[in-house]
Structures are given as C-alpha cells and as structure tokens.
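J.: For reference, the structure I am asking about is given below.
Residue numbers (this note's numbering), protein chains in the order written: chain R, 1 to 332; chain W, 333 to 664.
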C-alpha cells in the first residue's frame, strides 16, 4: 500500500486536521465528533446534514457551506458515522427551524441516522426529518444495501435542497424537494481498478489488466458484470443505456454529473463525457447543466459514474442558486 | 494500459470535444488549433495566453475565463503545442491592448512560444510579450529543461496576472506582475507512482512498491533522489525543507498550493497539508491563503507538490479578485 498517511487507523482524523487548517473561512471541524460545520451557522434556516463513510471526498465535507450543507458527519473510511456524531452535529448547526438528514442508502448509515433522529426527537427543541438517496440503477440490493445504493445523485439532492433551505423554506418544503430530487435522479458507475482502504492495507477487489467492473458501487461493491476493457465510445453506451432504460428523461431539462472515481484523469473524464453527451443527444435528452470532475470518489479508484437529474423549473432554478463551499462554488 | 479513451493518439482532440460540450458558457474550443478561448473575448484588456503539453488538467484549459486566462494552447500529452496554435490563439483573443504569453520553462514550450512571438511581432497589430515560469527548486536542469522547471507556481502567475489584466492594467504592468509573482514562487513535488502517456502505452518510469521519487517533475522527469516510502510527517519535512532553503518566506503573507498529481485522493492531500502547515507555522511562515486539490496534474500519477508564493499587498489583493473559470471560481 503506497499512501501519504501516518497511522492507517487515523486517516480521517488526520485529514480533518488539514481540512480545518486549510478552510477556516468556510468551515469549522469538531475533531471529537469528526464533524464539519459551516463557519457561521444560521439559526434561521433549516439545517441540512449529511454524512457517511469517508473516502468519497469531496463528498460530504467539501459541500459544507452557504447554499448547500450545514454539517457533515465523517465516518471512518467506508464506514458509517455513529449516531452520537449525528446528534452532536445537529446541535452544532443551531437551527431553530429544524434539521434534515440526507442519508445515502447503506444499511449502516440508515440505521445510525434513524437512531440519531429518534433520540433527537425526544431530546432536541427542533424538529428532525430524514430522507434517503437511492439513485444507483446498477443493482437492486448489494453488499451493504437493501434496495438501491445512494451514489452521485446525492450531489443533486444536497445542492438543490441546500438552496431551498438557504432561501428560507420550511423543513417540510426542503424535505419534499430533497425527496423529489432523489426520485428524479439516476446513476451508474464503472471501475477500471480497485482502491485500497488504508486500514485494510490491500485492494478491496481484483481486476485483471483487461477487465472492468460495470455497475460498481462507491465502496467497490460488485456491480452487474465484469467485462473486457473497451473504448470510451462503447463504455459510454454501457453507462447511458441502463440509466435511460430505468427512467424516462425526456421532456424536461436534465442536469448531468460525469464523476471521476478518484484515480481517473480529467482528460479521460472529458473524453467519456463527450461520448456520453453524444448518446444523450441522440436519445433526445435535453442536458442543460453539466459537471465533470471528482465529486464523489472511492479513494484512488480509477473509473467514472454518470448521474442524471430530470429537473423541473423549481429544481433547475435552485440548482443555479449561488453556492459557496470548498468543492462547489458558483454565483455570488 | 487501462484508460477510458478511444484512439490513444487522439486523446487531446477527444477530450477537447467533451470540454467544449460541457462548458459552453465559459469557453469555446477551436479543434483545429486545439485552443481554448474565453467565451466572450474582451478586446479592451490585455489577453493572457498560456499552454503546454496536455495531461496536466485542469491546467491550462480549466483556467480560461474571467479573471484568469483568455486562451490556452493544448499540445499533445506532455508535448509542446506548435507556434501556429499560439499565433491562432493570440488572434482569437482579439485584444487591442496586447498579448502576454505565460510559458512554463520547458525547452520545447519556450522555443515554440518565442517563435510565435517573433512571428506575431512582424504580422499582428497588437504587441506581444512573454514571461517564463521556473519555480521548481528540485533540480537546476532536467530532462526537458535548461534551468528550473515551471510547475505549480504557474497557478499563482496565471491567477494574479489574470486579475491584473481584468482590472485593465497595461501589457507592461501585467507582464511586470507576472514576472514578480514567478520570482516570489517556489515549488517541490514528490511521486509515489508513475503515470502512463496514452500514446506510449506503458508507465514513464518504474518505482518499487516501497520507493518514492523526491523532486519529481510534472512529466515524470527524475528528481533529486529516490527514497523509501515514509509517513506523511516525514514526507512533509522532505517537501518543505528544500523550498524554505531556497528562499526566505518570512515577513510577508504567503499563498500556499498543496497540489495532487492526479491519482492521490483528497484524504491524503489533506493529511499532507496538515503536516506541511505545521512545519510552515513552526518555521514562522505566515500562510494566509490555501488551496488543496488537483490543480496541475500528471495524468494519474500518485503524488503531490507544494507551491508557495510570498505575496506583497498587491499580489494578495489580486489573488482575492473574483475568478470564474471551469476549475477555479470565487468572488462575484
């Protein structure tokens, strides 16, 4: 294992130290609860909190800031955070209007966030809701999930619900929008290589030199099939087809995220995006917003995923609202 | 070679297709001259043009936009662009106030940009200047360079000179500022793995499982020494020491860039930044601005580099000016 780390069991703590040091104007870090909080919590808005296992950076810590998340709970690498972290984070956000938990659909995350919600409902003086992201069309159930996994669609949910909260909407409204965005989002990912969890010290899985995994999860969970390495044109078809088969993306504007899994250069991501864009255009999909880059990664895994969100006017308008976080910035 | 590509000899063209498709509001791409131009060229400002071999994305194409570059010339992977590309790009920027070429110090780039400058000086109706970035303290000369290599300091030069041009400064003023920023910048990089140039099909160099290269160049050129894989704490010392030995960074604010080489996860980059920040603090360096992420990469190489810029009031103020490009955005 070749990594720039100290103690392999301490990587999340050590990275949070550096994260706090680098971005004091945007975030604060509570090292005890391993949570990232917006630098200036705003009690007059709904607080949006997400979290999950680390190793997917910039998700979620990089999305804490104005117009997106109020807090992020960081578990160990590929491991759910504990309920107490979520409870501490909810209190630290200081919202009087309530807290929305955005949970990627993994059994551990769902269980722990729901436990935190139950405890907060009895002890906190603010209301708490939660919603689950399950946008991955690749598999019905998987290694760590009952039902579909939550992957790149999380970016759409966090950005759009974050903008809704920033505009002063109620907990019910923000929660409804988050649910709506998830329902309108679909994703599919592929991997060329595995990644290595520091505490494990060896690759999560093995792929031969000429082999790729289609429908991969963000923790290296198996996907739909192993296939031979192919060119970008054919790979685009293998990615676009299952998404378009799963949902009708015609008739409204679409937001697209071509996401790098961590070890794939931008040069390759843009080649793949060009091919995917062609296929979407031929299929009649009206892509109006595009992100290309490393937004939800699996450490150093080589690979990519595509996420599409069929956005109505409200969703598109909230997507365009300003955002100011470490990893996503636009507008004023 | 496992890559998401079609023809290995066509990767730059294919990636530019996807880049143009993804970001039409910010940039246009001329596929013939393989250049990226700001979407709305402004004839009333100095045009800043950079370029070089591809494979370092987001450099330079990702920095085209308001407050930074007006044009970027894209060579093949790790290969200088041709003079004609630079000439075409200079004309496409439509500046009446003149063009500044920002050139990373590699023999091919310098020769071709200088040839383009000579031709433009005889045929164009706008003045042309050029300046060379040579911020890498690792080696005096290298495989592709007479003198020091131009690496991460390029980001400082492009951002700060870009802001100066955006504010309406003259070609002489913008050029003077670019030279000043380069003189105030130093960098040092390390690699854990090689990268593979698509057209070559095999890794540029070999490192054993327990070996790292200190003082690496952004094309995999050899550095100062091969060393054993060490922890992040010791690695930070190996990176910070040669930079601080080369220049006195005390007495003024410092801008820091902790750059990932492409294959190193953000988790590791932040661990390394935490350690580097500690060392800089102990040494009395007053770091006031920090970037952490993949800003100047070497395809999928695992590794990192540190760049520091000792910024006077003017430089710091220009650094803070708004910028709106694909890869760097802040302010209004």
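Every residue gets a Cβ at the ideal spot worked out from N, C-alpha and C, and that includes glycine.
Note down the Cα distance separating residue 329 of chain R from residue 65 of chain R, rounded to an integer number of angstroms.
T.: The residue labelled residue 329 of chain R in the question sits at position 329 within the first chain. The residue labelled residue 65 of chain R in the question sits at position 65 within the first chain. Cα to Cα, residue 329 of chain R sits roughly 10 angstroms from residue 65 of chain R.
J.: Using the DSSP secondary-structure output, state which residues sit across from residue 527 of chain W in a beta bridge.
T.: By 1-based counting over the second chain, the position of residue 527 of chain W is 195. According to DSSP, which records beta bridges pairwise, residue 527 of chain W is partnered with nothing at all.
J.: Starting from the beta carbon of residue 292 of chain R, find every residue of chain W whose beta carbon is closer than 9 angstroms, and list them in chain order.
T.: Reading the first chain from its first residue, position 292 is the one you call residue 292 of chain R. The contacting residues are 350, 351, 354, 355 and 658.
J.: Enumerated in chain order, which unbroken segments of the beta strand (DSSP E) with a length of 3 residues or greater are wholly contained in the stretch 272-320 of chain R?
T.: Whole beta strand (DSSP E) segments, 3+ residues: 287-293 and 303-310.
J.: Between residue 568 of chain W and residue 142 of chain R, what straight-line distance do the alpha-carbon atoms span, to the nearest angstrom?
T.: For the purposes of this step, residue 568 of chain W is taken as the residue at position 236 of the second chain. For the purposes of this step, residue 142 of chain R is taken as the residue at position 142 of the first chain. Rounded to the nearest angstrom, the two C-alpha atoms are 40 angstroms apart.
J.: Are residue 50 of chain R and residue 72 of chain R closer than 8 angstroms when you measure CB to CB?
T.: The residue you call residue 50 of chain R lines up with position 50 of the first chain. The residue you call residue 72 of chain R lines up with position 72 of the first chain. In contact: residue 50 of chain R and residue 72 of chain R (Cβ atoms closer than 8 angstroms).
J.: When the Cα atoms are used, what is the spatial distance from residue 290 of chain R to residue 337 of chain W?
T.: Sequence index remark: in the first chain, residue 290 of chain R carries index 290 (1-based). Sequence index remark: in the second chain, residue 337 of chain W carries index 5 (1-based). About 20 angstroms.
J.: Spell out whether any CB of chain R is found under 8 angstroms from the CB atom of residue 559 of chain W.
T.: Residue numbering aside, residue 559 of chain W sits at position 227 when the second chain is read from its first letter. Residue 559 of chain W does not count as touching chain R.
J.: Do you know whose CA, among R:37, R:165, R:264 and R:298, lies nearest residue 79 of chain R's CA?
T.: Residue 79 of chain R sits at position 79 when you count from the first residue of the first chain. When only C-alpha atoms are compared, the closest one is R:298.
J.: Given residue 55 of chain R, which residues of its chain have a CB within under 6 angstroms of its CB, disregarding the five upstream and five downstream residues?
T.: As a first step, residue 55 of chain R is located in the first chain; it is residue number 55 there, counting from the start. Result list for residue 55 of chain R: 77, 78 and 299, in chain order.
J.: To the nearest angstrom, how far is the alpha carbon of residue 497 of chain W from that of residue 503 of chain W?
T.: Position 165 of the second chain holds residue 497 of chain W. Position 171 of the second chain holds residue 503 of chain W. For residue 497 of chain W and residue 503 of chain W, the distance between alpha carbons rounds to 8 angstroms.
J.: Within 8 angstroms of any Cβ in chain W, is that where the Cβ of residue 136 of chain R sits?
T.: Start at 1 with the first residue of the first chain, and residue 136 of chain R comes out as number 136. Not one chain W Cβ lies under 8 angstroms of residue 136 of chain R.
J.: Alpha carbon to alpha carbon, what distance is there between residue 347 of chain W and residue 729 of chain W?
T.: Since the first and last residues shown for chain W are 333 and 664, residue 729 of chain W lies out of range.
J.: Determine, for residue 651 of chain W, whether the minimum Cβ-Cβ distance to residues of chain R falls below 8 angstroms.
T.: Within the second chain, residue 651 of chain W is the residue found at index 319, counting from 1. So, not an interface residue.
J.: For residue 535 of chain W, name the three-state secondary structure that DSSP assigns.
T.: Mapped onto the second chain, residue 535 of chain W falls at position 203. Residue 535 of chain W: strand per DSSP, three-state reduction.
J.: Are residue 526 of chain W and residue 546 of chain W touching if we call contact CB-CB under 8 angstroms?
T.: Counted from its first residue, the second chain places residue 526 of chain W at position 194. Counted from its first residue, the second chain places residue 546 of chain W at position 214. No; because the gap between Cβ atoms is not below 8 angstroms, this pair is not in contact.
J.: If we define contact as Cβ-Cβ less than 8 angstroms, is residue 144 of chain R a contact residue for chain W?
T.: Here residue 144 of chain R is taken as the residue at index 144 of the first chain, counted from 1. By this cut-off, residue 144 of chain R is not an interface position.
J.: Comparing alpha-carbon positions, which option in R:180, R:218, R:44 and R:39 lies nearest residue 261 of chain R?
T.: As a working mapping, residue 261 of chain R is identified with position 261 in the first chain. Comparing Cα positions, the closest option is R:218.
J.: Hey, does residue 58 of chain R have any beta-carbon neighbour from chain W nearer than 8 angstroms?
T.: Numbered from 1 along the first chain, position 58 holds the residue referred to as residue 58 of chain R. Yes, contact with chain W.
J.: I need the straight-line Cα distance from residue 3 of chain R to residue 21 of chain R, nearest angstrom please.
T.: The count along the first chain starts at 1 and reaches residue 3 of chain R at position 3. The count along the first chain starts at 1 and reaches residue 21 of chain R at position 21. Answer to the nearest angstrom: the Cα atoms are 21 angstroms apart.
J.: With residue 18 of chain R as the anchor, note down where its alpha helix (DSSP H) starts and where it stops.
T.: For this step, residue 18 of chain R is matched to residue 18 along the first chain. That run of the alpha helix (DSSP H) goes 11-22.
J.: Would you list, in chain order, the members of the stretch 566-597 of chain W that have their beta-carbon closer than 8 angstroms to a beta-carbon of chain R?
T.: Within the stretch 566-597 of chain W, the qualifying residues are 567, 590, 594, 595, 596 and 597.
J.: Can you name, in chain order, every residue of its own chain whose Cβ lies under 6 angstroms from the Cβ of residue 425 of chain W, other than the five neighbours on each side?
T.: Indexing the second chain from 1 puts residue 425 of chain W at position 93. Contacts found: 373, 379, 402 and 403.
J.: Tell me which residues of the stretch 627-646 of chain W have at least one Cβ-Cβ distance to chain R shorter than 7 angstroms, keeping chain order.
T.: Cβ contacts with chain R: 629, 631, 632, 634 and 636.
J.: Three-state secondary structure (DSSP) at residue 591 of chain W?
T.: By one-based count along the second chain, residue 591 of chain W stands at place 259. In the structure shown, residue 591 of chain W sits in a strand (DSSP, three-state: E or B).
J.: For chain R, is any of its Cβ atoms less than 8 angstroms away from the one on residue 487 of chain W?
T.: In the second chain, residue 487 of chain W corresponds to position 155, counting from 1. Answer no: the Cβ-Cβ gap between residue 487 of chain W and chain R never drops below 8 angstroms.
J.: Tell me the residue span of the beta strand (DSSP E) that contains residue 436 of chain W.
T.: Locating residue 436 of chain W in the second chain gives position 104, counting from the first residue. 431-436 is the span of the beta strand (DSSP E), which, as asked, contains residue 436 of chain W.
J.: Does the stretch 454-465 of chain W come into contact with the stretch 357-372 of chain W, if we say contact requires no fewer than three beta-carbon pairs (one atom in each stretch) closer than 8 angstroms?
T.: Counting Cβ pairs under 8 angstroms, fewer than three are found: no touch.
J.: Which value, in whole angstroms, describes the spacing of the CA atoms of residue 173 of chain R and residue 252 of chain R?
T.: Residue mapping note: residue 173 of chain R aligns to position 173 of the first chain, counting from 1. Residue mapping note: residue 252 of chain R aligns to position 252 of the first chain, counting from 1. If I take the Cα positions, the gap works out to 22 angstroms.
J.: Determine which residues share a DSSP beta bridge with residue 401 of chain W and list them.
T.: Here residue 401 of chain W corresponds to residue number 69 of the second chain, with the count starting at 1. Looking at the DSSP assignment, residue 401 of chain W forms a beta bridge with W:396.
J.: Would you please state the rounded distance, in angstroms, between the beta carbons of residue 296 of chain R and residue 156 of chain R? I believe it to be under 8 angstroms.
T.: Here residue 296 of chain R refers to the residue found at position 296 when the first chain is read from its first residue. Here residue 156 of chain R refers to the residue found at position 156 when the first chain is read from its first residue. Contact doesn't hold; Cβ gap of about 11 angstroms is too wide.
J.: With 7 angstroms as the C-beta to C-beta threshold (strictly closer), list the residues of the stretch 600-619 of chain W near chain R in chain order.
T.: Of all residues in the stretch 600-619 of chain W, 600, 602, 603, 604, 605, 606 and 609 have a Cβ within less than 7 angstroms of some Cβ in chain R.
J.: Would you grab the beta carbon distance between residue 280 of chain R and residue 323 of chain R for me? Rounded to a whole angstrom, and I think it's under 8 angstroms.
T.: Within the first chain, the letter at position 280 stands for residue 280 of chain R. Within the first chain, the letter at position 323 stands for residue 323 of chain R. Actually they are not in contact, since the Cβ atoms of residue 280 of chain R and residue 323 of chain R sit about 24 angstroms apart, beyond 8 angstroms.
J.: Quick one: Cα of residue 233 of chain R to Cα of residue 392 of chain W, how far?
T.: Taking the first chain and counting its residues from 1, one reaches residue 233 of chain R at position 233. Taking the second chain and counting its residues from 1, one reaches residue 392 of chain W at position 60. Looking at the two C-alpha atoms, the distance is approximately 26 angstroms.
J.: Going by DSSP, what residue range makes up the alpha helix (DSSP H) through residue 137 of chain R?
T.: Counting from 1 along the first chain, the entry for residue 137 of chain R is found at position 137. Element bounds for residue 137 of chain R: n/a, residue is neither H nor E.
J.: If we ignore side chains and look at the alpha-carbon of each, how far apart do residue 181 of chain R and residue 325 of chain R end up?
T.: Here residue 181 of chain R refers to the residue found at position 181 when the first chain is read from its first residue. Here residue 325 of chain R refers to the residue found at position 325 when the first chain is read from its first residue. Going from the Cα of residue 181 of chain R to the Cα of residue 325 of chain R covers about 20 angstroms.
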